[in-house]
Structure formats: C-alpha cells, structure tokens
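Top to bottom, those sequences are chains P and V.
Residue numbers for the first sequence follow my numbering, beginning at 575 and rising by one.
Residue numbers for the second sequence follow my numbering, beginning at 575 and rising by one.
Ideal Cβ positions, reconstructed from N, Cα and C, are used throughout, including at glycine.
Since the structure is predicted, the reported quantities are computational estimates derived from the model, not experimental observations.
Everything below concerns the one structure shown next.
Protein chains: 2
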Amino acid sequence: MKIFKKVADIKTEIKKIQASAKTVGLVPTMGFLHEGHMSLVRESVKNNDVTVVSIFVNPTQFGPTEDLAAYPRDFENDCALLRKNGADIVFNPEPSEMYGEGFCTKVELSGITEVLCGITRPVHFAGVATVVTKLFNIIDPHRAYFGSKDYQQLQVIKRMVKDLNMDVEVVGMPIVREADGLALSSRNVYLGADERVSALALSGSFKVVEDLLQKGVKDTETIKKEIADFILSHPHTKIDYIETVNPETLVSVGSADADFVVALAVYVGKARLIDNRYFEVHHA
Amino acid sequence: MKIFKKVADIKTEIKKIQASAKTVGLVPTMGFLHEGHMSLVRESVKNNDVTVVSIFVNPTQFGPTEDLAAYPRDFENDCALLRKNGADIVFNPEPSEMYGEGFCTKVELSGITEVLCGITRPVHFAGVATVVTKLFNIIDPHRAYFGSKDYQQLQVIKRMVKDLNMDVEVVGMPIVREADGLALSSRNVYLGADERVSALALSGSFKVVEDLLQKGVKDTETIKKEIADFILSHPHTKIDYIETVNPETLVSVGSADADFVVALAVYVGKARLIDNRYFEVHHA
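Put into structure tokens, the structure is as follows:
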C-alpha cells in the first residue's frame, strides 16, 4: 500500500494508473476508521482495479465552535485496517497542501445544505463540497464511495456531481451498526459508559416510527413528537433536530404518503450524533 | 465541424477522442464571435489535436438589470468563422441543458471577485466560475483559452483551477484591437457612430499612463485622476471604475513600484466597455 502526502506525487501515480486503463475507486474519509469505512473500502476493492482512500481531517468543514482539534486521529491503525481490507493507495495531505496561500474558492449548494445539519453547521457542507471537488480533481476516480449515515452529505455530493457534470459515479453504502443498533461513527469514542447506553435512543427511534406507521399514523408532526418523547426519555440527550424529509431534495414532508427519510441529530453528552432511516411507503 | 447541443452527446464524442489519446483545447465563448475569439481558436488549433468551441450565452453571469436579452447572437456567422479557422467541434447547449431542474450548485471565489467588475456585477464571477467548471468537466480539455480583455475573468479562472486542483492548462491570450486601438468586444455593436469615437477614450488612457510613468509619476491616485479627466473629456462617457491593481491578486496598489495593471470599465452610451493594460515597471 502506497502512502502519498503531496498532491503532485499522487497525481503522478494516478497518471500511471490511467495510462494502463485501470479503474480507480475513491473512499474519502477523515480517518479514525471503523467497519463503516471498511464496508466502503471493500466495495471499492471489489469493483475497481485500484482503491484510493483519502485520510484528511478537513478544517473547512468544521465550524469555529466544533470539534476540529479534538477530532480523533490514529493514522497507524487506519493504515493497518486499510492494508487488511485491500486498499492500494492512501492520500494523507496536510491542510497547507490542500489550502495553499491565497486559497479563496468554494463550491456551495443552496437549499439542500440549509436544512437538517446545515442549520447548526452553516459552513459544513460548503467545506465538504469544496474538499470533495478537490479530491475528485486530484484522484479523478471512476467511482466514489460514501456512507449513508451522513445521508445529507451523500445527497449533497450526488446533487453537486449532477449540477457540475462531474464524471464520477457516486455510490452510497448502507449504514453499518453495532449489534445493539448504534450507527458506527468516529465520534462514538466521545461517549462515556452511560452515554453509550443513551446513544441507542437514535436507532431506537426508528422502531417507534415503524410502530406508528403500522398503526396508520401519517402525520409527521405526530411522528416527530413521538420520536422526541422517546429520545428525551434517555438521560444525557439533547435534540438538535428530528426531521421527516423527501429522500432526494431533503425538503420537509408533512405526511407519510410517499417514501421519506427520518433524519436525527442528537447530542449525547458532548458527542453530536446523527442517524437516519429510509422508510418505504407502500400503497394498498 | 461537428455541432452538439446535448451534454450526453458531446461527452460520448469526447470519450472517443480520449480513447485515441488526442489532446483537446477548449475555447469557451458567448458567441457573436470576432477576431479576438479567433486568435484563441487559432492558438488552440495550433497546439491541440482537437479544438472545441462552446457558444453559450450563460444567463447566470448576467445581473437582473444587465443585457442578457439584448446580448448579440449570430450562430450561423459564428459557425462560418469557426469552420474557416479550423475548429473541430462546437458545443451550443440551451440554458435548460446546462441548468436542469433543481440545479443549486455554484463555484464562488472571494476577494478577487469582489473588486473591479465584481463591484457593479456582484453575481457575475460566480456565474462564470460555475459555467467554466461545468464546461471543464464536460469537455475535459488539456488546455483552455481565454482572452486578456476580460483580465479579471482570466485571473479568477487561473485561481479557481489552482484552488480546486483542476487538471487543465489555462492559456491567456493578448487583447486584439481595431487599427485605432479599440479592444474587440461583442458589445461594440451597441455603439453609435459618435460613441464609437468616444470609445477610444479607453485605449487612449494607456498612453496617458505611459506619459505619466515616463515623467516619473508613481502615485496611482494621480494616475487615476489623469485617466478620469482624459476619459471624461470624451462625450457620452461615464466611468464605472478606473483601477491600478496587482496583476495576480487584483488588490489595489498605491504606487507604481512594481508591475501593475490599469483596469477600466466605462459606459459609452448604453455600452459598458472594459479594457486593461499590463505595465512593467523597470527599476534603474
């Protein structure tokens, strides 16, 4: 497995790979890798000749009061996991390599980035869209893999790729969960023992929704209220948002008449956790 | 010469060209082509296997009070000129082909787009940067050609390409002028006979600057005042801006101690004309 720190060096490597007509899969990550990331890596390895994994804690997608400095890092362990799962190349640049002197360009989406996480994280998605654009231009992948836990991010990337005519196939992969339901996240490391128990409130909410739908409840205000009551019955929890949205546009829906996504952001102790589930609505 | 209206069709053609390892040059235009554009086309034809010219009056780079509807168009004549000058492919999409339903992404630069034309045209450069990003992604050119008359646009594109790691060489070409000095522009068609005479105020200004530099004047406030007096001595003129700027960052400079660019925007009748000149400053 080759490791590159410099844009120029990995571009030289990519040109060589392209000259031999091999396909390239990209898995963009912020490191501190877990089974969720590995499911992306394995899917890329299966479907591409070469798999590139970027490990870059991107400063521009963190707000001024967020956890950039505290964000967990373990490059050695990340590389060990990547080797074991068949990654070919790691791209691990310094922030100064990605954002040189005079840097002043951003890629920004309206609407889809101004709901859900975009409300409490107003600069987040411009940071994500910009760094992903850079990674796409540097690596020039045939396919790029993103987890569905960051559901809004996945929809933002798909929209950006379509709008800007980027020549890459965006592949969304299912959420990977612990046996008890907690969605894997690098930020789970912030959870104390009690908080770890309360964190099950997020995935547990989806069972609440299932039960309500089964009873014929369609009004999403009722659904959201029931979710809130359920989550707040767990100690250490504070709700950022509970939303029921159109799966593609992320516009809020008032009634469960068509497929929708329940998206949650909940503080459990200091950790801000997100989770979501796609609900198919079957008509009789 | 092949003409494409659809993104999917030109992408198919580009894939064929790439499969034969040919180089591609792109000349992005808004049509109503003149010798200025042709100098770009000929340079591209000289240095690339295939030259693609896009003709697209991009609505997003016009402000609400600007001349989008009135902007001159002559597709037949454009194609005749392009055939004569050796272009291989014309890309001429409809706005709906470039901006489909739900389009919400933009590429935006700060600083460099907020001076000069960016002051009176606040949405202009985001429109330019976004459409050029799309054209780069659709055509995937090795080289792209831009005229230096739109000096700020050229610097914005260069900065964007660097910031976003786009894999394209941006080539800036010299301003092409009429025999009497007027810079070629599609908007010159707006000028009445009297206005056409007054329009020489722009290129004439550079002679004023030359004379001042020769006399040892370095203070740019004095230089700008003398340019303003010269321009306003011509009837039908109204100054938008007169600036002396750093050639790369476009930051205003107070003294002519290093190379600088004089950039002008002047209304002559209804036409808003721009011109510029790069001044090298030699030290004794």
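Q.
Buried or exposed for VAL763 (chain V), going by 16 or more other Cβ atoms inside 10 Å?
A. Within a 10 Å sphere around the beta-carbon of VAL763 (chain V) sit fewer than 16 other beta-carbons, which makes this residue exposed.
Using only the alpha-carbon positions, how far apart do LEU806 (chain P) and SER826 (chain P) sit? Answer to the nearest angstrom: the Cα atoms are 22 Å apart.
Report task. Starting from the Cα of ASP652 (chain V), find the closest Cα among V:ALA839, V:SER628, V:THR796, V:PRO633 and give me that residue. Result -> That would be V:SER628, whose Cα lies nearest to the Cα of ASP652 (chain V).
Which value, in whole angstroms, describes the spacing of the CA atoms of VAL735 (chain V) and ILE588 (chain P)? Just so you know, the alpha carbons of VAL735 (chain V) and ILE588 (chain P) end up roughly 18 Å apart.
Give the secondary structure of LEU765 (chain V) by DSSP, where H, G and I count as helix, E and B as strand, and everything else as coil.
Assignment of LEU765 (chain V) by DSSP, reduced to helix, strand and coil, places it in the coil class.
### Task
Could you check which residue in V:GLU682, V:GLY778, V:GLU822, V:ALA845 has the C-alpha nearest to that of ALA767 (chain V)?
Put simply, of V:GLU682, V:GLY778, V:GLU822, V:ALA845 the residue whose alpha carbon is nearest the alpha carbon of ALA767 (chain V) is V:ALA845.
Review point. Where does PRO715 (chain P) sit, in a helix, a strand or coil, going by DSSP?
Key: Looking at PRO715 (chain P) - three-state DSSP - the assignment turns out to be coil, as it is neither helix nor strand.
Quiz item: Which bits of chain P does GLY637 (chain V) rub up against, with CB to CB less than 9 Å?
Solution: Within 9 Å Cβ-Cβ: nothing; GLY637 (chain V) doesn't reach chain P, min ~18 Å.
Provide the residue span of the alpha helix (DSSP H) that contains LEU838 (chain P), from first to last. First-last for LEU838 (chain P): 834–842, but that is the beta strand (DSSP E), not the alpha helix (DSSP H).
message: Taking a contact to mean a Cβ-Cβ separation below 8 Å, would you say VAL836 (chain P) touches LEU847 (chain P) in this structure?
response: Result no, Cβ atoms of VAL836 (chain P) and LEU847 (chain P) do not sit closer than 8 Å.
Does the stretch 710–720 of chain V come within contact of the stretch 616–628 of chain V, defined as at least 3 CB pairs closer than 8 Å?
Cβ pair count under 8 Å is three or more, so yes.
For THR639 (chain V), count neighbouring C-beta atoms within 10 Å of its own C-beta (all shown protein chains included) and say buried if the count is 16 or more, exposed if not.
Around the beta-carbon of THR639 (chain V), fewer than 16 other beta-carbon atoms lie within 10 Å, marking it exposed.
Could you tell me whether any Cβ in chain V is nearer than 8 Å to the Cβ of GLY685 (chain P)? For GLY685 (chain P), the answer is yes, since a Cβ of chain V falls inside 8 Å of its Cβ.
| message | Counting beta carbon pairs with one atom in the stretch 660–670 of chain V and one in the stretch 694–707 of chain V, are three or more of them shorter than 8 Å? | response | Result no; under three Cβ-Cβ pairs closer than 8 Å.
Legend entry - Where ILE693 (chain V) falls, given that 16 or more other Cβ within 10 Å makes a residue buried: Exposed, because fewer than 16 other Cβ atoms sit within 10 Å of the Cβ of ILE693 (chain V).
TODO: Provide the residue(s) that pair with THR639 (chain V) in DSSP beta bridges, ordered along the chain.
DONE: Beta-bridge partners assigned by DSSP to THR639 (chain V): none are found.
Quiz prompt | Candidates V:VAL783, V:ALA644, V:ALA775, V:ARG657, of which the one nearest ALA809 (chain V) by Cα | solution = Ala is not the amino acid found at residue 809 (chain V); the sequence shown has Pro there. Checked all of V:VAL783, V:ALA644, V:ALA775, V:ARG657; the closest Cα to PRO809 (chain V) is V:ALA775.
Endpoints, alpha helix (DSSP H) assigned at PHE804 (chain P): Counting along the chain, the unbroken alpha helix (DSSP H) around PHE804 (chain P) starts and ends at 794–806.
Item checked: Members of the stretch 723–752 of chain P that neighbour chain V once the beta carbon cut-off is set at 7 Å -> Of all residues in the stretch 723–752 of chain P, ARG733, MET734, ASP737, LEU738, ASN739, MET740, ASP741 have a Cβ within less than 7 Å of some Cβ in chain V.
Task: Residues of the stretch 661–681 of chain P with Cβ closer than 9 Å to any Cβ of chain V, in chain order - done: Look at the stretch 661–681 of chain P: the residues with a C-beta under 9 Å from a C-beta of chain V are MET672, TYR673, GLY674, GLY676, PHE677, CYS678, THR679, LYS680, VAL681.
Subject >> Stretch pair the stretch 588–599 of chain V + the stretch 714–726 of chain V: three plus CB contacts closer than 8 Å >> reply: The stretch 588–599 of chain V is in contact with the stretch 714–726 of chain V.
For this session: Count the other C-beta atoms from every protein chain shown that fall within 10 angstroms of the C-beta of PRO602 (chain P), then say buried if there are 16 or more, exposed otherwise.
Result: In summary, PRO602 (chain P) is buried, with 16 or more beta-carbon neighbours lying within 10 Å of its beta-carbon over all protein chains present.
query = Hey, quick one: how far does the alpha helix (DSSP H) through ASN621 (chain P) stretch, first residue to last?
reply = Its alpha helix (DSSP H) spans residues 609–621.
- Straight-line gap, GLU800 (chain P) to THR687 (chain P) (C-alpha atoms, nearest Å): Here the alpha carbons of THR687 (chain P) and GLU800 (chain P) stand approximately 26 Å from one another.
Going straight from the alpha carbon of PRO646 (chain V) to that of ALA654 (chain V), what length do you get?
One Cα belongs to PRO646 (chain V), the other to ALA654 (chain V), and the distance between them is close to 16 Å.
Give the straight-line distance between the Cα atoms of GLU854 (chain V) and GLN592 (chain P), rounded to the nearest whole angstrom. C-alpha separation (whole angstroms): 42 Å.
| task | Going by DSSP, name the residue or residues bridged to PRO602 (chain V). | result | Beta-bridge pairing by DSSP links PRO602 (chain V) to V:SER628.
TODO: Pick helix, strand or coil for LYS576 (chain V), following the three-state DSSP scheme.
DONE: Taken through DSSP and simplified to helix, strand or coil, LYS576 (chain V) comes out as strand.
message = Can you find the residues in the same chain that come closer than 7 Å, C-beta to C-beta, to SER777 (chain P), ignoring five residues on each side of it along the sequence?
response = If we look at SER777 (chain P) and ignore the five residues flanking it on each side, its Cβ neighbours are ARG751, GLY755, LEU756, ALA757, ASP849.
- Item | Best match in P:LYS812, P:LYS789, P:LYS723 for proximity to HIS608 (chain P) [C-alpha to C-alpha] | Check the Cα spacing between HIS608 (chain P) and each of P:LYS812, P:LYS789, P:LYS723: the tightest is with P:LYS723.
Alpha-carbon spacing of MET575 (chain V) relative to THR811 (chain V), whole angstroms = In this model, MET575 (chain V) and THR811 (chain V) are separated by some 41 Å (Cα to Cα).
Item to check | Under 7 Å from the C-beta of THR707 (chain V): neighbouring residues of chain P | outcome: Per Cβ cutoff of 7 Å: LEU738.
What is the DSSP secondary structure of ALA593 (chain P), reduced to helix, strand or coil?
In this structure, ALA593 (chain P) counts as helix in the three-state DSSP scheme.
Kindly indicate which residue of P:ASP583, P:HIS857, P:LEU642, P:ASP737 has the alpha-carbon position closest to the one of ALA830 (chain P). Comparing Cα positions, the closest option is P:HIS857.
Hey, does THR823 (chain V) have any beta-carbon neighbour from chain P nearer than 8 Å? At least one CB atom of chain P sits nearer than 8 Å to the CB of THR823 (chain V).
Under a three-way DSSP split, which group does ASN666 (chain P) fall into? In this structure, ASN666 (chain P) counts as coil in the three-state DSSP scheme.
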